[in-house]
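Under our numbering, think of the first position of the sequence shown as 246, with each following residue one higher.
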Amino acid sequence: MSGADEILTLLESWQDDLLEFACRLIATPSPTPPGDERQVVRVLVDHLRELGLNDINIAAMKPERPNVICRIGSQEKSSPTLILNGHIDTKPVGNTADQWDTDPLEPTIRDGRLYGLGATDMKGAVAAFVYAGAAIARAFPDLPGELLLVFSADEEGGSTYGGKYLAHDYGLRADAAIVCEPTGITRPWEFIAPVARGISCFKIKVKGTQMHSSLSDQLPSINASVKMAGVLERMSRELEIQAPPHPLCPDGITVNLGVMLHGGVTYGVYPGYAEFAVDVRTIPGMTQAGVERDVEAFLDKLRKEDPQLDVQLAFEPLPVGWTPPCEVPADAPVVRAAQAAAGQVLGTVPPLRALPAVTDGAHFAAVGIDTIPAFGPGLLPLAHSANEYIDVENLGQAAQIYALTALNFFKDTRWQKPKD
Numbered sequence: 246m247s248g249a250d251e252i253l254t255l256l257e258s259w260q261d262d263l264l265e266f267a268c269r270l271i272a273t274p275s276p277t278p279p280g281d282e283r284q285v286v287r288v289l290v291d292h293l294r295e296l297g298l299n300d301i302n303i304a305a306m307k308p309e310r311p312n313v314i315c316r317i318g319s320q321e322k323s324s325p326t327l328i329l330n331g332h333i334d335t336k337p338v339g340n341t342a343d344q345w346d347t348d349p350l351e352p353t354i355r356d357g358r359l360y361g362l363g364a365t366d367m368k369g370a371v372a373a374f375v376y377a378g379a380a381i382a383r384a385f386p387d388l389p390g391e392l393l394l395v396f397s398a399d400e401e402g403g404s405t406y407g408g409k410y411l412a413h414d415y416g417l418r419a420d421a422a423i424v425c426e427p428t429g430i431t432r433p434w435e436f437i438a439p440v441a442r443g444i445s446c447f448k449i450k451v452k453g454t455q456m457h458s459s460l461s462d463q464l465p466s467i468n469a470s471v472k473m474a475g476v477l478e479r480m481s482r483e484l485e486i487q488a489p490p491h492p493l494c495p496d497g498i499t500v501n502l503g504v505m506l507h508g509g510v511t512y513g514v515y516p517g518y519a520e521f522a523v524d525v526r527t528i529p530g531m532t533q534a535g536v537e538r539d540v541e542a543f544l545d546k547l548r549k550e551d552p553q554l555d556v557q558l559a560f561e562p563l564p565v566g567w568t569p570p571c572e573v574p575a576d577a578p579v580v581r582a583a584q585a586a587a588g589q590v591l592g593t594v595p596p597l598r599a600l601p602a603v604t605d606g607a608h609f610a611a612v613g614i615d616t617i618p619a620f621g622p623g624l625l626p627l628a629h630s631a632n633e634y635i636d637v638e639n640l641g642q643a644a645q646i647y648a649l650t651a652l653n654f655f656k657d658t659r660w661q662k663p664k665d
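Shown next, in the form of structure tokens:
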């Protein structure tokens, strides 16, 4: 039996264990906000050790925001290193609790689907690559490469304590990485994403005249809320943000206006301040400076038309204000390895396509790691929504694909590196 066959046989025998572990992760709350992954990390680390994976490090910028790095295989400098990454936090249930058909923190298996908060985003994928790593460790005690299972915190909060910290402060390095986010829009395994859009978040702040509201028609006054509404309406019709064409991003960018709004104080107070928030989903070739230039040009036009308009653009702090798009060459070894593995497991190779969302891949790519920003089980539209689920079949497929991808990657002769 070949090593690959042994891995597939092991994973076949572990299907029930994989499903049970995915359920345990879902049943362990880890919402951001407020942001505290310690409980789910305890569950994760205990299970890694049960599977014989004991080379584990905890990397934390804050004690309540731990990241986990599990190392498998060779640590020779001449050996290639591959990261399989997933985040272990979720969005909170929020105000959708009454829209769930089941308790979001009580995993429910029904009609071949595993329901629960984080099932598709992305505790199902995390469970899958844990078992992929365990199978590789069992079948290849002398693995010709190093596999890093990287579990990141705070992805749903902007990655300050997670992917960004690991890449820029902790010093995580590898030759390549795969972020195991879902790449289905209408069906599972719809595409492999060598590109993921970035995000730029900012606020438009408008000042007016705060005063006693009984005097607003008797004294000079500027209603900040009304002015803000005018800016928002004009922006929806007239804002143009330049973006270079990209073959994997035929739909270009997305501009989401008014994702948050705030104006006024209370009854009796004429509104002297109002603001709304915008997120722009960016594509490769764009820069924060370019977005700033185009938005300021639009605001300058409004200022010239209305001398009473006091409006300012304010970007959020990094990385929320600007997380760049992520891109890896379509012929990179990690892409070829994933394509081959998908073909082996699924019987077909998913096409290459950009992920509409942003992932931790942007932070890994920023430090020189060839990163597939998304390739994973599940449907992206189910993320952050009621009745989130993942097909049980996809869990086993994911474990097989990730394990075979690692083997394909390590066998690629292009990763033969000279020893120091």
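We treat Cβ as the ideally placed atom computed from N, Cα and C, and that holds for glycine.
Through-space distance from threonine 428 to isoleucine 528, alpha-carbon basis: Counting from 1 along the sequence shown, the entry for residue 528 is found at position 283. Counting from 1 along the sequence shown, the entry for residue 428 is found at position 183. C-alpha separation (whole angstroms): 17 angstroms.
Would you tell me roughly how many angstroms separate the C-alpha atoms of glycine 606 and proline 570, rounded to the nearest one? As a first step, residue 606 must be located in the sequence shown, where it is residue number 361. As a first step, residue 570 must be located in the sequence shown, where it is residue number 325. Approximately 9 angstroms between the Cα atoms of the pair.
From Ala587, Thr511 and Phe609, residue whose alpha carbon lies closest to that of glutamate 572: Taking the sequence shown and counting its residues from 1, one reaches residue 572 at position 327. If we check each option's Cα against that of glutamate 572, Phe609 comes out closest.
Tell me the rounded alpha-carbon separation between threonine 254 and tryptophan 434. For this step, residue 254 is matched to residue 9 along the sequence shown. For this step, residue 434 is matched to residue 189 along the sequence shown. Each residue's Cα considered, the two are about 22 angstroms apart.
With 16 other CB atoms within 10 Å as the buried threshold, where does threonine 499 fall? Locating residue 499 in the sequence shown gives position 254, counting from the first residue. Threonine 499 is exposed by the Cβ-count criterion.
Hey, is the region 587-604 in contact with the region 470-483, meaning 3+ C-beta pairs nearer than 8 angstroms? no
What distance in whole Å lies between the Cβ atoms of proline 276 and lysine 336, which are believed to be in contact at a cut-off of 8 angstroms? Stepping through the sequence shown from its first residue, residue 336 is reached at position 91. Stepping through the sequence shown from its first residue, residue 276 is reached at position 31. About 7 angstroms separates the two Cβ atoms, so the contact holds.
Threonine 568 burial status per 10 Å Cβ neighbour count (16 or more: buried): Counted from its first residue, the sequence shown places residue 568 at position 323. It is buried - the Cβ of threonine 568 has at least 16 other Cβ atoms within 10 Å.
So, glycine 623 versus alanine 370, is the Cβ gap smaller than 8 angstroms? Position 378 of the sequence shown, counting from 1, holds the residue named residue 623. Position 125 of the sequence shown, counting from 1, holds the residue named residue 370. In this structure, alanine 370 lies closer than 8 angstroms to glycine 623 by Cβ.
Contact belief for glycine 378 with isoleucine 317 at Cβ below 8 angstroms, rounded distance in angstroms: For the purposes of this step, residue 378 is taken as the residue at position 133 of the sequence shown. For the purposes of this step, residue 317 is taken as the residue at position 72 of the sequence shown. Confirmed, Cβ separation roughly 5 angstroms.
I'd like the span of the alpha helix (DSSP H) that includes cysteine 446, first residue to last. Here residue 446 refers to the residue found at position 201 of the sequence shown. Looking at the DSSP string, cysteine 446 is not in any alpha helix (DSSP H); the run it does join, the beta strand (DSSP E), is 443-452.
Tell whether a beta-carbon distance below 8 angstroms holds between phenylalanine 436 and leucine 627. Locating residue 436 in the sequence shown gives position 191, where the first residue counts as 1. Locating residue 627 in the sequence shown gives position 382, where the first residue counts as 1. No, they are not a contact pair.
In terms of alpha-carbon separation, which member of Glu426, Thr326 and Tyr515 lies closest to lysine 452? Along the sequence shown, one-based indexing puts residue 452 at 207. Minimum Cα distance to lysine 452 is reached at Tyr515.
Would alanine 522 pass as a contact of valine 504 if the rule is Cβ separation under 8 angstroms? In the sequence shown, residue 522 corresponds to position 277, counting from 1. In the sequence shown, residue 504 corresponds to position 259, counting from 1. Yes, the Cβ-Cβ distance between alanine 522 and valine 504 is below 8 angstroms.
With burial defined as no fewer than 16 other Cβ atoms inside 10 Å of the residue's Cβ, what is the status of isoleucine 635: buried or exposed? One-based indexing of the sequence shown puts residue 635 at position 390. So isoleucine 635 ends up on the buried side.
Please list, in chain order, all residues of the same chain as leucine 293 whose beta carbon is under 7 angstroms from its beta carbon, the five residues on each side excluded. By 1-based counting over the sequence shown, the position of residue 293 is 48. These residues qualify, in order along the chain: Ile301, Cys315 and Val375.
Contact set for serine 481: own chain, Cβ-Cβ below 7 angstroms, skip 5 residues either direction: Numbered from its first residue, the sequence shown carries residue 481 at position 236. The residues are Leu502.
Among the residues of its own chain, which have a CB less than 8 angstroms from the CB of glycine 566, if the five just before and after it don't count? Residue mapping note: residue 566 aligns to position 321 of the sequence shown, counting from 1. Cβ within range, chain order: Ser445, Cys446, Phe447, Gln533 and Phe560.
Mind checking which residues open and close the beta strand (DSSP E) that includes valine 523? Counting from 1 along the sequence shown, the entry for residue 523 is found at position 278. From DSSP, the beta strand (DSSP E) with valine 523 extends over 518-527.
Would you kindly work out how many angstroms separate the C-alpha atoms of serine 319 and leucine 298, rounded to a whole number? Sequence index remark: in the sequence shown, residue 319 carries index 74 (1-based). Sequence index remark: in the sequence shown, residue 298 carries index 53 (1-based). Answer to the nearest angstrom: the Cα atoms are 14 angstroms apart.
Per DSSP, what kind of secondary structure is alanine 559 in: helix, strand or coil? As a first step, residue 559 is located in the sequence shown; it is residue number 314 there, counting from the start. Strand.
Reduced DSSP category for leucine 327 - H, G, I as helix; E, B as strand; rest coil: Mapped onto the sequence shown, residue 327 falls at position 82. Residue state, collapsed to three classes: strand.
In its own chain, which residues sit with a C-beta less than 6 angstroms from the C-beta of glutamate 401, not counting the 5 before and 5 after it? Within the sequence shown, residue 401 is the residue found at index 156, counting from 1. Closer than 6 angstroms at Cβ, skipping near neighbours: Thr277, Asp334 and Lys336.
Which word fits leucine 652, buried or exposed, when buried means at least 16 other C-beta atoms lie within 10 angstroms of its C-beta? The sequence position of residue 652 within the sequence shown is 407, counting from 1. Looking at its Cβ environment, which holds 16 or more other Cβ atoms inside 10 Å, leucine 652 is buried.
How far does the beta strand (DSSP E) with glutamate 391 in it reach, from first residue to last? Within the sequence shown, residue 391 is the residue found at index 146, counting from 1. 391-397 is the span of the beta strand (DSSP E), which, as asked, contains glutamate 391.
Residue from Thr454, Glu478, Asp399 and Val540 with nearest C-alpha to valine 510: Residue 510 sits at position 265 when you count from the first residue of the sequence shown. Among Thr454, Glu478, Asp399 and Val540, the Cα nearest to that of valine 510 belongs to Thr454.
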